[in-house]
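Peer 1:
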Amino acid sequence: MPVQAAPAAPAPTRGADFDRCLAVARALLVVDDHDRPLVPRYERVLKDGLPAQRATKPKKVLVVGAGPAGLVTALLLKRAGHHVTVLEANGNRAGGRIKTFRRGGHERAAQPFADPRQYAEAGAMRLPSSHPLVMGLIEQLNLKKRRFHYVDVDGDGRPANRTWIYVNGIRMRRVDYARAPRRINRSFGVPRARWDTPAAAILRSVLDPVRDEFSTVDAGGKRIDKPLPERVRGWAMVIQRFGDWSMFRFLTEHAGLDERTVDLIGTLENLTSRLPLSFIHSFIGSSLISPDTAFWELEGGTAVLPDALLAQVRDTVRFDRRVTRVEYHDPDRPSSDTPHVGGNGPQVWVDTVSEGRDGPVVREQFTADAAVVTVPFSGLRHVQISPLMSYRKRRAVAELHYDSATKVLLEFSRRWWEFTEADWKRELGRIDPKLYDAYRTGRTPADGSLLGVHPSVPGGHITAGQRTHYAANRAVSRDQPQAAHVVGGGSVSDSANRFMYNPSHPVPGSSGGVVLASYSWADDALRWDSLDDEARYPHALCGLQQVYGQRVEVFYTGAGRTQSWLRDPYAYGEASVLLPGQHTELLPSIPLPEGPLHFAGDHTSLKPAWIEGALESAVRVALEVHVSRPDGQPAS
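At position 174 of the sequence shown the residue is numbered 174 (the numbering used here), and the sequence of numbers has no breaks.
Printed below as a string of structure tokens:
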């Protein structure tokens, strides 16, 4: 049997040449090599299915991973007549990083909160209206969507910006900071010239000249995209100029900002944890989703999307099958380590193992004509693949940077963030007529006795141990802020909690709600990841009290949920958030097939962490498999 040939050495490179920058720009804008938009075709495929192929024999296809990319790929190929098997490592749940803490669902989850009607998002929670594939799929699946209030709104649904900024010991509503930022800006030590300029405006002023490469400003001050070919080249120029820069380097070296101003921007605009990472990543996020973009959420939680997809491919999905080894046939890469595949036999062979949660650990093998690998490259790193894939693909698998993201969610029996002071006085009076003034003057006990004491809190959920831990970590302050009186939106703090988000809508039949008490990325998330799950809740409640006041404790039910995507054994991280230089060095090779192996997932797109990126890749790879020859090679 032939010995595996050494993979060809990569061609030497000298930085990011313009052709590679063009390739990245085209992937970003989802256009082909002739700068023609691909999204309209992808929308048609999602709606009408893959194009008919003349005299094409159906293929056996393995799809590795049952996240949104895997489920949509399986659905498209199944509808086209191919024989599909989906292998999912998780024993009972599909959806990948679409995960809703809820009772029931396709995963038949236990009740996560004291109120069985409540649910909250561990992963994807907002869907931009500027993502056409997601919007089209939601409509196609007849799912109900409603507005996600990224910014808090008033009673008429108009942005109010009444949520809090709490930094350097200063608490201020966002709307007041936008009008008069001097007090907060001075607390960071920014130069006098920027005392009266909000952080968002400073950031916009240094990014807008870069945006001029691919867009213009109309008479009304609104940014308008340049014609597509010009836009592609404009983005390519930005990528060539700044592709190997970090955000910190851009802000200091190119924009000329001092470090105190960078601290201000990083803290308020959620950039601190990603300052060492790629400038291009953060710039894409701020440029492709405009400030006036509408966001949506799905009624019942984002997991109703994988519910609906899974229902159509359930017969193809094998849960509790973690892929450990892949063999594939490639006539140009002969190997002695691929005994299960060959020119006349299966093109792909896969070995799997179960987790053994519901019985003995078992192995099972699968064969196919082609495979679609949708798992994150951080997880693929632990899969043996023979023969060796191309150098650039192996380098991407080894080096692609995955970030961390952690959420801590707390349940409350009343939606106190919507309260007025009159509401607070009434509800605290139900506990003790003097309690409202006691909180206002900082004269409440510090022993945890007020935790969950409101009559609306179900009994039996708060243990003596929880009270002790809470008392030890309780926020200590006589500073009692005004009632938040907001609907939706989020507050920002320089505490470990960093960003806090309120539910945009009540759950029907429930008077309470689940607050995203802490949402953090990168190094900020690692501070939480070191704590056990149960230990996170008193810390998160403390940080929430620093912003909203101590009195929120009376409504805490004792129930919480937390999700660390870095510690998740299926996700291996939040998403591929690239390092400086990785967009041009690694990204172009990531989506390319390796013989009969094809690659999908949001990490193969320029929209990592977004469902839209997963769907773009699913349609792309379904088309690849559908039109390829039985030996895995592209059709001529």
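Idealized CB from N, CA, C, for every residue including glycine.
Quick caveat, the model's predicted, so the values are computed rather than measured.
If distances are taken between C-alpha atoms only, which option among E399, R186, P455 and T562 comes closest to L579?
Peer 2: E399
Peer 1: For D19, which three-state DSSP category applies?
Peer 2: helix
Peer 1: Is L380 closer than 8 Å to V372 when the C-beta atoms are compared?
Peer 2: no
Peer 1: Is there contact here, the region 385-397 with the region 585-604, by at least three beta-carbon pairs under 8 Å?
Peer 2: yes
Peer 1: DSSP three-state call for G448: helix, strand or coil?
Peer 2: coil
Peer 1: Leaving out five residues before and five after P584 in sequence, what residues of the same chain have Cβ atoms less than 7 Å from its Cβ?
Peer 2: Looking at the sequence provided, one finds Thr at residue 584 rather than Pro. Excluding positions up to five away in sequence, the list reads A16, R20, C21, V24, I239 and G243.
Peer 1: Between the region 532-550 and the region 298-306, can you find at least three pairs of beta-carbon atoms closer than 8 Å?
Peer 2: The answer is no - the region 532-550 does not touch the region 298-306, with fewer than three Cβ pairs under 8 Å.
Peer 1: How long is the line joining the alpha carbons of S605 and Q582, rounded to whole angstroms?
Peer 2: 13 Å
Peer 1: With the cut-off set at 8 Å, would you say G91 and A571 are in Cβ contact?
Peer 2: no
Peer 1: If you draw a straight line from the C-alpha of L203 to the C-alpha of K59, how long is it?
Peer 2: 51 Å
Peer 1: Return the chain-ordered list of same chain residues with a C-beta closer than 8 Å to the C-beta of E574, the five sequence neighbours on each side being excluded.
Peer 2: R97, Y402, D403, S404, A405, W521, A525, W565, L566 and A609
Peer 1: Using the rule of at least 16 other Cβ atoms within 10 Å of the residue's Cβ for burial, across every protein chain shown, is H626 buried or exposed?
Peer 2: buried
Peer 1: Could you tell me how far apart the beta carbons of E534 and L133 are, in whole angstroms, since I believe they sit closer than 8 Å?
Peer 2: In fact, because the Cβ distance is near 39 Å, the residues do not count as touching under 8 Å.
Peer 1: For Q111, which residues from the same chain have a beta carbon less than 7 Å from its beta carbon, with the 5 sequence-adjacent residues on both sides left out?
Peer 2: R103
Peer 1: Which partner residues of P593 appear in the DSSP bridge assignment?
Peer 2: DSSP, once it has assigned bridges, lists no residue as partnering P593.
Peer 1: Would you tell me roughly how many angstroms separate the C-alpha atoms of P433 and T468, rounded to the nearest one?
Peer 2: Taking the straight line joining both Cα atoms gives about 26 Å.
Peer 1: Which one or two residues does DSSP pair with A405 in a beta bridge?
Peer 2: W521
Peer 1: Which word fits G169, buried or exposed, when buried means at least 16 other C-beta atoms lie within 10 angstroms of its C-beta?
Peer 2: Within 10 angstroms of the beta-carbon of G169 lie fewer than 16 other beta-carbons, which makes it exposed.
Peer 1: For E411, which beta-bridge partners are listed by DSSP?
Peer 2: V514
Peer 1: Does DSSP put S493 in a helix, in a strand, or in coil?
Peer 2: If DSSP states are grouped into helix, strand and coil, S493 belongs with the strands.
Peer 1: Pull up the distance between the alpha-carbon of D423 and that of D115, whole angstroms please.
Peer 2: 22 Å
Peer 1: The beta strand (DSSP E) spanning S246 covers which residue range?
Peer 2: Run containing S246: none; DSSP gives neither H nor E here.
Peer 1: With 16 other CB atoms within 10 Å as the buried threshold, where does T562 fall?
Peer 2: buried
Peer 1: Report the residue ranges of all beta strand (DSSP E) runs contained in full by the region 28-75; include only those spanning at least 3 residues, in chain order.
Peer 2: 60-64
Peer 1: Which residues share a DSSP beta bridge with R561?
Peer 2: L409
Peer 1: Report yes if the C-beta distance between V326 and V383 is below 8 Å; otherwise report no.
Peer 2: yes
Peer 1: Closer than 7 Å by C-beta to I284: which residues in its own chain qualify, once you throw out the five before and the five after it? Chain order, please.
Peer 2: L28 and L606
Peer 1: Enumerate in chain order the residues of its own chain whose CB-to-CB distance from S495 is below 7 Å, with the five nearest sequence positions on each side excluded.
Peer 2: Exclusion of the five residues before and after S495 leaves G543 and Q546 as the residues of its chain whose Cβ lies within less than 7 Å of its Cβ.
Peer 1: For the region 256-263 against the region 225-239, are there 3 or more C-beta pairs whose distance is under 8 Å?
Peer 2: no
Peer 1: For V554, which residues in the same chain have their Cβ closer than 6 Å to its Cβ, ignoring the five residues on either side in sequence?
Peer 2: L450, V453 and H454
Peer 1: Alpha carbon to alpha carbon, how far is S336 from Q365? Give it in angstroms, no decimals.
Peer 2: 19 Å
Peer 1: Please check if any C-beta of chain C sits within less than 8 Å of the C-beta of G465.
Peer 2: Absent from the structure is chain C; it holds one protein chain and no more.
Peer 1: So L77 and A622 are in contact, right, with Cβ under 8 Å, and what is the actual spacing, rounded?
Peer 2: 6 Å
Peer 1: CA-CA distance, V486 and S477?
Peer 2: 23 Å
Peer 1: How would you call F642, buried or exposed, if buried means at least 16 neighbouring beta carbons within 10 angstroms?
Peer 2: Only positions 1 to 636 of the chain appear in the structure, and residue 642 is not among them; the question remains open.
Peer 1: Answer yes or no: do A540 and S518 have a C-beta to C-beta separation smaller than 8 Å?
Peer 2: yes
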